[in-house]
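Take the working numbering: the last position of the sequence shown gets the number 621, and nothing is skipped along the way. Each remark here refers to the structure printed beneath this line.
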Amino acid sequence: MLTVKDLHASVEGKEILKGINLQVNPGEVHAIMGPNGSGKSTLASVIAGNEDYEVSSGEITLNGEELSETDAEERAHKGIFLSFQYPIEIPGVTVTNFIKTAINANRKAQGLEDMPAKDMLKNIREKAALLEIDSKFLSRSLNEGFSGGEKKRNEIFQMAMLEPKLAILDETDSGLDIDALKIVAHGVNKLKSKDNAVVVITHYQRLLDYIVPDFVHVLYNGKIVKSGTKELAHELEAKGYDWIKQLVD
Ligand SMILES: Nc1ncnc2c1ncn2[C@@H]1O[C@H](COP(=O)(O)OP(=O)(O)OP(=O)(O)O)[C@@H](O)[C@H]1O
Ligand SMILES: [Mg+2]
C-alpha cells in the first residue's frame with residue numbers, strides 16, 4: 373500500500389528526514405516511536421503532502437502510484453488520512469458539517485454524487501455510537517473549546533467517517549484518559565480491515581496494548597534505526613532511548 377524509499381526531507385534548509393525506508397501493506401498496523409524531535413510528525417506530514425516540507429530525494433508511493441506531484445488534498449482523496457498532533461479550531465463550522473463537506477469532497481473527486489442525506493445521517497449515528505460520541509458534541513464548532521481528549525476523539529470520528537486506506541495517527545493517545553484511550557483504540561480496531569492500514573505514532577507502549585501493531589519502528593535523528601514486532605515497544609519502554617543511542621553511535 374505505502375512504500376517510502378530513501379526519503380530525505382527538510383524544512384527551512386534543515387534536513388529532518390535522512391533516508392527513511394518504510395513498507396506498509398494492506399491489513400497491517402505499524403507503530404512509529406522515537407524521541408522528541410526525531411522526525412515522526414515530519415514523516416507524517418511529508419506522507420500527507422504538507423508543502424512546508426521540501427522533499428530533496430527519495431519517493432513515496434501509494435498503491436504503486438508515485439506521489440511527488442500530488443498535493444495534500446489529492447492525497448486525502450486517494451485515501452490518506454492524517455490526524456494531527458495539534459488539531460486546528462474552525463469556529464462556526466460544526467463537527468457534523470465539517471465531516472459532511474469532507475466526505476462529499478472526497479466523493480466528488482471520485483466522480484460520485486453527494487452522499488444522500490439519509491445515508492449520511494445513518495453513517496454519522498453509527499460512527500458516533502462506535503466512539504461513544506454524544507449527539508450534542510456533533511453540533512459544536514470544530515475543536516473550539518474542545519478538551520484535549522475531545523479533539524482526539526473527534527479526529528478518530530473523522531477517520532471513522534472517511535474510511536481512509538491509510539490512516540496516520542499522530543499521538544492520538546496524548547491527553548486521553550484511560551477510558552477515552554480504550555474507546556479510541558476500540559474504534560481504530562473496529563475499522564481495521566484487510567484492505568486498509570494504520571500507522572500510529574506514539575511515545576507510549578500503553579497505546580499498543582490496545583492497538584496491537586504488526587511492526588514497530590524506532591525513528592531516531594531522521595532515520596528508522598530499528599524495526600521489530602510489538603516486543604520492541606516493550607524493550608524500548610524498559611531500556612529507554614539511551615539504548616537506541618548506543619546502537620546508533
Ligand atoms: N515547520 C517547521 N519549522 C521548523 N522546524 C521544524 C518544522 N517542523 C519540524 N521542525 C523541526 O524538525 C525536527 C523534527 O520535528 P518533528 O515534529 O517531526 O518531531 P517529532 O518526532 O514528531 O517530535 P515529538 O515527539 O516532540 O512530537 C524538530 O527539530 C523540529 O523543530
Ligand atoms: Mg510529533
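Yeah, the Cβ is synthetic: ideal placement off N, Cα and C, and Gly gets one too.
Bridge partners of residue 542 according to DSSP: 573.
When beta bridges are read from the DSSP output, residue 600 appears opposite 588. Just so you know, the alpha carbons of residue 419 and residue 564 end up roughly 20 Å apart. Look at the beta carbons and you see the segment 388-408 touching the segment 581-591: at least three pairs across the two are nearer than 8 Å. Taking 8 Å as the cut-off, the Cβ atoms of residue 577 and residue 558 do not count as close. Relative to ligand 2, the beta carbon of residue 543 is positioned inside 7 Å of a heavy atom. Around the beta carbon of residue 543, 16 or more other beta carbons lie within 10 angstroms, which makes this residue buried. Beyond the five residues adjoining it in sequence on each side, residue 454 comes within less than 6 Å, by CB distance, of 416, 420, 540 in the same chain, given in chain order. Remark: the shortest separation between the CB of residue 472 and any heavy atom of ligand 2 does not fall under 7 Å. Buried is the label assigned to residue 413, since at least 16 other Cβ atoms lie within 10 Å of its Cβ.
A contact is defined here as three or more CB-CB pairs under 8 Å, and the segment 489-501 fails this definition with respect to the segment 567-581. Distances from the CA of residue 503 to each of 555, 465, 618 were compared; the closest alpha carbon is that of 555.
What you get when you keep residues with a C-beta closer than 6 Å to any heavy atom of ligand 1 is 383, 384, 388, 406, 408, 409, 410, 411, 412, 413, 414, 424, 457.
For residue 507, the enclosing alpha helix (DSSP H) stretches over residues 507-510. Close CB contacts of residue 385 within its chain, under the 6 Å cut and outside five residues either way in sequence, are absent.
Linking residue 550 to residue 423 through their CA atoms gives a straight-line distance of about 35 Å. For residue 374, the uninterrupted beta strand (DSSP E) segment begins and ends at 374-383. Secondary structure note for residue 409: it is in no alpha helix (DSSP H), with a DSSP letter that is neither H nor E.
With contacts defined by Cβ atoms closer than 8 Å, residue 374 and residue 580 do not form a contacting pair.
Pairing residue 601 with residue 400, the inter-Cα distance amounts to about 12 Å.
Put simply, the backbone Cα of residue 465 is about 9 Å away from that of residue 511.
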